[in-house]
Amino acid sequence: MQISTFKKHIILLAVLLSAVIIPLRAQQVTLSQARQMADRHFQSQQEQTVRCADMVTAGADTLLYIFNSERSFVVIAGDQRVVPVLACSDHQLYNREDISAPAQMWIDSYAAQIGELKKHVSRNGQVHPAWTQWLSRGMREDAVVKPMMMSHWGQEAFYNYYCPRDYAGDNNRVVTGCVATAMAQLLYYFRFPESGVGSYSYTDEHYGIQSADYANATYNYEAMCDDPVSINTEISKLIYHLGVGVDMHYGVNGSGMNNHSAAYVLRTYFKYDPATEYLFRDSTDVNWDSVIVAHLERDIPMYYAGWADHEWISGHAFICDGYKIQDSCYYFHFNFGWDGSADGYFYTDNLHPGSSNFNLAQELIVNCYPDTALYPYPAPTPLTGNKVLTTTAGSFTDGTRPYEAYRNNMDYTWTIQPADPGFTSITVNTRYDLADGDTLLISCDNSSIPALIFTNDSAQSSVTWDCTEITCRLVTHQSNLEHKGIHVNYSCNIPAYCPATHTYTAASGVISDGSEAEPYHNLTTCKQRIMLNNSYNAVSLHITDLDLEAGHDFLHIFKTSYSDANLVTSLTGTIADTTIIIDNRRVNLLFETDEQNTAGGYTLEYYGGQVGVSDLERTTLQLWPNPASTSLSLSCEEPIQEVFIYDMQGRTVFFQTCQDLEMSIPVHQLQSGMYTIAVRTQDAIHQQKFIKQ
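Structure follows, in structure tokens:
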């Protein structure tokens with residue numbers, strides 16, 4: 003029973019809905035017929051079909067057609083015996099090369115069901131009535147609950163900061179797991195709890211002990227945001243703590259749980275209602291769609307999971323946060339926890355009654371909302387006063403439960419005043435639903451930018467302003483009975499100094515953190531690779547300047563590849579004029595900074611060279627006496643340009659330039675022990691070990 007996140011297409015043998023049928027001769031849907039239906043769908047969305055993005059086939063049969071408009075997609079069935087529209091999105095395009103695994107799971111399931119229908123059921127079947135109705139008169143929307151989730155979180159770089167380290171993973175860590183990301187998005191929606199209960203630890207078979215102290219943790223939702231563009235430590239902490247609770251089996255390509263413990267974790271550690279529990283589709287007699295609709299009508303999104311098999315081995319968890327009904331056909335909106343990829347409406351019933359039931363391997367968590375009997379949620383009085391927000395990304399609301407109307411008689415001001423001096427502008431996204439007379443005023447410290455005033459409306463707004471400070475003031479009176487208030491999300495636009503990855507192939511060059519005269523950014527992770535051709539077998543790194551927050555920010559140096567076994571050294575603090583010679587033509591640098599305090603950065607020069615296989619083969623460099631006590635003489639067959647001596651920890655203890663074939667080096671000041679001397683000429687690097695007596 004394992005839910006796992008995979009970066010491959012997975013065939014889910016689980017889906018979906020029955021409907022009234024009328025007798026007609028069933029036929030294969032042609033591309034032209036499918037496009038007609040796609041046109042009808044997009045017309046209902048005030049869009050136009052652009053192209054057929056994909057077709058799923060089995061032999062001579064086309065099982066599915068997938069069309070894109072300019073901003074959305076629709077999946078059309080390849081058989082008239084099933085409902086024509088199987089899935090759609092109103093804000094995402096379909097890309098076969100970059101579709102989320104859970105969305106692919108549904109698409110594969112539709113294809114499997116239609117394939118079985120074509121193979122095992124008489125082709126003289128009955129056509130679904132929607133084929134005639136929708137083509138003749140268009141689509142009628144009977145009911146709708148719009149998607150509630152504002153967040154579009156994922157599982158990799160911006161979210162896994164506290165997950166176990168693995169250099170093979172994105173951001174040098176494992177992925178969070180779809181279960182943890184789904185649960186975290188629910189908690190962010192409710193913005194609850196601010197702290198948890200108790201603590202928990204377990205041992206991951208690959209990454210050791212994983213622990214979370216829920217009682218002493220603080221979950222700062224105002225430092226979380228809807229769509230992170232960089233590492234967000236508060237989101238990462240919340241997701242990691244949830245992963246620990248479910249005994250997450252962590253991995254680079256997928257992290258999953260196998261104990262169906264999400265509901266228990268929400269009840270036990272995160273203060274959710276005691277009635278929070280699983281509902282399994284294969285073992286319940288209740289009407290599945292009715293359960294979901296009842297929750298969504300109360301503005302309660304739901305944890306939903308589906309499997310690609312009936313052995314409960316491989317599956318995905320996500321959030322169901324909206325629905326619509328088109329001529330009695332139910333479509334549920336899923337937020338897949340894949341950075342928004344392929345989020346949309348999906349048909350979830352069995353496609354053809356009488357054929358195999360593919361929809362049993364599904365589960366829900368019902369009654370998942372804060373335990374208001376034991377814990378205050380939210381503060382019982384209207385917001386008054388002000389708050390200063392100093393993070394570079396964050397969000398805030400009017401403080402009301404998301405399923406209730408906001409409070410009257412509020413006057414509250416949020417001041418967005420990011421502490422990071424490196425940002426260039428601030429983007430503010432606002433969703434608001436305000437009564438007549440109640441206002442949200444958004445203003446900027448740049449006098450050339452006019453303020454925004456929202457009132458008596460329900461809409462969304464997005465602005466990017468060249469400001470250093472933005473003020474948001476909410477004023478409410480006594481007129482509101484049903485409006486839901488505000489959700490404001492902001493993020494600073496910060497220039498990237500150090501690219502995520504960069505490769506250097508020239509024989510020599512200069513590498514830096516990219517900040518030049520400015521301090522580097524917090525939460526930076528960048529990989530810089532030196533990959534020289536096979537005429538070289540060594541690289542000399544001459545660190546001209548390194549200024550990092552000691553013990554917190556690091557420049558890690560690896561040879562060959564990123565792994566603990568290949569780690570040469572980790573530099574931190576202040577270092578100047580140091581050379582490290584690595585006996586490999588491939589050198590990997592990893593620059594990592596934590597969430598607070600910065601410094602000047604680093605600059606280094608690198609040179610490709612040749613190092614002999616053994617000391618006996620280095621005939622071009624002569625060194626005497628060895629051992630040495632006061633001075634060391636050396637000679638070379640070509641002019642010496644630079645000489646370095648470094649100790650066994652890689653620290654440079656001597657450096658000198660030279661243009662002669664011979665030179666004498668004083669060593670009396672060195673401590674007794676083993677050293678390496680490196681001599682750089684125009685065409686090579688020669689190194690030998692010597693002993694200081």
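Each residue of the sequence shown is one higher than the one before, starting from 3 at the first, in the numbering used here.
In this text, a Cβ means the ideal position worked out from N, Cα and C, and glycines have one as well.
Because the structure is a prediction, the values reported are computed rather than measured.
Hey, out of the options, whose CA is closest to residue i's CA?
i: residue 69; options: 86, 63, 61; result: 86
i: residue 532; options: 603, 93, 611; result: 611
i: residue 445; options: 471, 461, 512; result: 471
i: residue 573; options: 555, 585, 676; result: 555
i: residue 294; options: 326, 285, 416, 121; result: 326
i: residue 277; options: 366, 207, 222; result: 366
i: residue 682; options: 510, 562, 515, 40; result: 510
i: residue 597; options: 192, 66, 236, 76; result: 236
i: residue 184; options: 259, 206, 172; result: 259
i: residue 635; options: 641, 648, 669; result: 669
i: residue 175; options: 654, 291, 242; result: 242
i: residue 53; options: 62, 137, 78; result: 78
i: residue 457; options: 81, 443, 389, 448; result: 443
i: residue 207; options: 299, 201, 55, 249; result: 249
i: residue 270; options: 173, 286, 370; result: 370
i: residue 477; options: 461, 538, 534, 400; result: 400
i: residue 337; options: 421, 653, 186; result: 186
i: residue 664; options: 290, 645, 222; result: 645
May I ask which residues mark the beginning and end of the beta strand (DSSP E) holding residue i?
i: residue 96; result: Taken as a continuous stretch (DSSP letters only), residue 96 belongs to no beta strand (DSSP E), as it is neither H nor E.
i: residue 318; result: 317–328
i: residue 445; result: 427–446
i: residue 467; result: 454–467
i: residue 659; result: 654–659
i: residue 588; result: 588–594
Taking the straight line between their C-alpha atoms, what separation do you get for residue i and residue j?
i: residue 59; j: residue 342; result: 27 angstroms
i: residue 615; j: residue 244; result: In this prediction, residue 615 scores a pLDDT of 43, lower than 50, which makes its location untrustworthy; the coordinate-derived value is nonetheless stated afterwards. Near 51 angstroms, if we compare the C-alpha coordinates of residue 244 and residue 615.
i: residue 144; j: residue 463; result: 28 angstroms
i: residue 686; j: residue 505; result: 22 angstroms
i: residue 491; j: residue 384; result: 21 angstroms
i: residue 23; j: residue 130; result: Confidence in residue 23 is poor, its pLDDT being 38 and thus under 50, which makes the residue's placement unreliable; the coordinate value appears in the next sentence. Cα-Cα distance, rounded: 5 angstroms.
i: residue 565; j: residue 75; result: 41 angstroms
i: residue 608; j: residue 590; result: 12 angstroms
i: residue 559; j: residue 526; result: 16 angstroms
i: residue 450; j: residue 468; result: 10 angstroms
i: residue 514; j: residue 594; result: 13 angstroms
i: residue 618; j: residue 536; result: A caution first: residue 618 carries a pLDDT of 36, below 50, which makes its placement in the model unreliable, though a value can still be read off. Spanning the two alpha carbons is a distance of roughly 22 angstroms.
i: residue 473; j: residue 428; result: 12 angstroms
i: residue 152; j: residue 395; result: 15 angstroms
i: residue 373; j: residue 273; result: 6 angstroms
i: residue 234; j: residue 695; result: 53 angstroms
i: residue 621; j: residue 508; result: Residue placement at residue 621 is poorly supported in this model, since its pLDDT is 49, which falls under 50; the coordinates still yield a value, given next. So the alpha carbons of these two residues sit roughly 28 angstroms apart.
With a threshold of 16 other CB atoms inside 10 Å of the CB of residue i, please say whether the residue is buried or exposed.
i: residue 579; result: exposed
i: residue 693; result: exposed
i: residue 84; result: buried
i: residue 91; result: buried
i: residue 25; result: Caution is warranted here: a pLDDT of 39 is assigned to residue 25, below 50, making its placement in the model unreliable, and no coordinate value can be reported.
i: residue 204; result: exposed
i: residue 36; result: buried
i: residue 328; result: buried
i: residue 586; result: buried
i: residue 529; result: buried
i: residue 486; result: buried
i: residue 148; result: exposed
i: residue 321; result: buried
i: residue 253; result: buried
i: residue 626; result: exposed
i: residue 15; result: Because residue 15 carries a pLDDT of 33, less than 50, the predicted location of this residue cannot be relied on, and the following value inherits that uncertainty. So residue 15 ends up on the buried side.
i: residue 662; result: exposed
i: residue 522; result: buried
i: residue 31; result: buried
i: residue 542; result: buried
Within the continuous alpha helix (DSSP H) that includes residue i, where are the two ends?
i: residue 667; result: Looking at the DSSP string, residue 667 is not in any alpha helix (DSSP H); the run it does join, the beta strand (DSSP E), is 664–668.
i: residue 476; result: No alpha helix (DSSP H) holds residue 476; the beta strand (DSSP E) holding it covers 472–477.
i: residue 115; result: 103–122
i: residue 41; result: 33–46
i: residue 139; result: 132–139
Report yes or no: is there a C-beta of chain B within less than 8 angstroms of the C-beta of residue i?
i: residue 677; result: Among the chains of the structure shown, chain B does not appear; only one protein chain is present.
Q) Unbroken beta strand (DSSP E) runs of length 3 or more, entirely within the region 185–249: which are they? A) 201–206, 210–215
Q: Identify every run of the beta strand (DSSP E) within the region 501–578, keeping only runs that are complete inside it and at least 3 residues long; order them along the chain.
A: 503–506, 510–514, 527–533, 540–549, 556–561, 569–573
Q. Unbroken beta strand (DSSP E) runs of length 3 or more, entirely within the region 241–301: which are they?
A. 279–282
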